[in-house]
Amino acid sequence: MLDSNVSVLKLRGILFVTVPAEPGDDLINHLQQKILESMEQHEAKGLILDISTVSALDSFFARTIVETAQMVGLMGGRTVISGMRPEVAITATQLGLSLGNILTALNMDRALDMLEGLEEEEWDR
Amino acid sequence: MRDSYPSSSPPDQKGRAVLPDGTTHIDGEDDIVYVRKQVRDLASGIGFNLTDVTRIITAASELARNIYRYAGKGRMKYAVLHQRGAVGIELEFQDEGPGIADIPQAMEPGYTTSRGLGLGLPGSKRMMDEFHVWSEVGKGTIVTIRKWKRNN
Chain A
1331 MLDSNVSVLK LRGILFVTVP AEPGDDLINH LQQKILESME QHEAKGLILD
1381 ISTVSALDSF FARTIVETAQ MVGLMGGRTV ISGMRPEVAI TATQLGLSLG
1431 NILTALNMDR ALDMLEGLEE EEWDR
Chain B
7 MRDSYPSSSP PDQKGRAVLP DGTTHIDGED DIVYVRKQVR DLASGIGFNL
57 TDVTRIITAA SELARNIYRY AGKGRMKYAV LHQRGAVGIE LEFQDEGPGI
107 ADIPQAMEPG YTTSRGLGLG LPGSKRMMDE FHVWSEVGKG TIVTIRKWKR
157 NN
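Chains A and B, in that order, are what the protein sequence lines are.
In this text, residue positions in the first sequence follow our numbering: the first is 1331, and each later residue adds one.
In this text, residue positions in the second sequence follow our numbering: the first is 7, and each later residue adds one.
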């Protein structure tokens, strides 16, 4: 039942996930598990987690995002969070939330540029 | 004693009807989502700007989650306030849970007795205009928050 609410797309080795607008705790946990399974199944090298439809970010949600990025990192992938709305950024900062070292981008387009840029840097080394 | 209309609120300046005061029960995780939706409708209905609506929803989400996490169940009471021409929202989160032994400590950012981030109480306080905690160990906790609409 939860499954129908979450879609994980894979394009050019990168997972694209749009977080649903009003996610409950169960759905957030489910999303995390599905992302990790997809990382393995698709041998993905990165994840773009779009939160542009999310209208309020509370501390549980933020912690799960940070954890997910860490887990994806352990599996060898990079995560970019994209599309945070201005009012969500203001509120998250006031709440004292930090996304740690996770990369962020204005939108999915920029996030994709970022991940592909990182990949080129690694090739150059 | 709060200065509000307890049964049904009058329409706001633009003549739109606002939601009456009421109570929402918090018994499970799904109710946290419901509280967020309800607070959004209430705050937007009063005419708060988008950033303030987001602040109020976020504070409500943290406090509803505290009830679910620490007390298991409780309730949110909501009211539209009218005071000397100003319009505001009041949300009261009540539970009969274990209570908070040391309120000043609970108000410190990063302090938590669960697996949380310890941002719920201090973060909610920063986002609202008024914030009050009453708690007694073994009896329960009541957190009251208020936000006033800016005239801009």
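The C-beta atom is built at its ideal place from N, Cα and C for all residues, glycine as well.
{"query": "For T60/B, which residues in chain A fall below 7 Å Cβ to Cβ?", "result": "S1385, A1386, E1417, V1418 and T1421"}
{"query": "In chain B, what lies closer than 9 Å to D1443/A by C-beta?", "result": "Result: empty, since nearest Cβ-Cβ is about 28 Å, beyond 9 Å."}
{"query": "Please name the residue in E1370/A, I1432/A, A1419/A and Q1424/A whose C-alpha comes closest to that of T1394/A.", "result": "I1432/A"}
{"query": "Who are the Cβ neighbours of T1421/A in its own chain at under 8 Å, not counting the five residues just before and after it?", "result": "A1386 and L1387"}
{"query": "Taking the C-alpha atoms as reference points, what is the distance between G1343/A and G1403/A?", "result": "15 Å"}
{"query": "Under a three-way DSSP split, which group does D1380/A fall into?", "result": "strand"}
{"query": "For a cutoff of 8 Å on Cβ pairs, would you count L1425/A as touching chain B?", "result": "yes"}
{"query": "Specify, as a first and last residue, the run of the alpha helix (DSSP H) that M1401/A falls within.", "result": "S1389 to L1404"}
{"query": "Measure the alpha-carbon distance for L1314/A versus I1365/A and round it to whole angstroms.", "result": "As shown, chain A starts at 1331 and ends at 1455. That puts residue 1314/A outside it, with no answer to give."}
{"query": "Given E35/B, which residues of its chain have a CB within under 8 Å of its CB, disregarding the five upstream and five downstream residues?", "result": "Y74"}
{"query": "Pairs of beta-carbons, one from the stretch 110–125 of chain B and one from the stretch 55–64 of chain B, closer than 8 Å: are there three or more?", "result": "no"}
{"query": "Just by C-beta distance, which residues in the stretch 1338–1366 of chain A are closer than 7 Å to chain B?", "result": "E1352, G1354, D1355 and D1356"}
{"query": "Would a check of beta-carbon distances place R1408/A closer than 8 Å to chain B?", "result": "no"}
{"query": "Taking C-beta pairs closer than 8 Å, name the residues in chain A that I38/B reaches, listed in chain order.", "result": "G1354 and D1355"}
{"query": "Mapping DSSP to helix, strand and coil, what is M1369/A?", "result": "helix"}
{"query": "Exposed or buried, which one is G1406/A when buried takes at least 16 other CB atoms within 10 Å?", "result": "exposed"}
{"query": "Let me know the beta strand (DSSP E) ranges lying completely inside the stretch 14–90 of chain B, each 3 residues or longer, listed in chain order.", "result": "28–32 and 80–89"}
{"query": "Within 10 angstroms of the Cβ of I109/B, are there 16 or more other Cβ atoms? Answer buried if so, exposed if not.", "result": "exposed"}
{"query": "Taking all protein chains shown into account, decide if M1331/A is buried (16 or more other Cβ within 10 angstroms of its Cβ) or exposed.", "result": "Its pLDDT being 47, under 50, M1331/A is placed unreliably in this model, and the coordinates cannot settle the point."}
{"query": "With 8 Å set as the bound, which would you pick, yes or no: does the beta-carbon of S1389/A sit closer than that to a beta-carbon of chain B?", "result": "yes"}
{"query": "Along chain A, which residues have their Cβ under 7 Å away from the Cβ of G123/B?", "result": "Note on identity: in this sequence residue 123/B is Leu, with Gly being the wrong assignment. Within 7 Å Cβ-Cβ: S1389 and R1393."}
{"query": "Thinking C-beta only, is L1425/A closer than 8 Å to G144/B?", "result": "no"}
{"query": "State buried or exposed for S13/B, treating a residue as buried only when at least 16 other CB atoms are found within 10 Å of its CB.", "result": "Any reading at S13/B must be qualified, since the residue scores a pLDDT of 41, below 50, and its modelled position is unreliable; no value is offered."}
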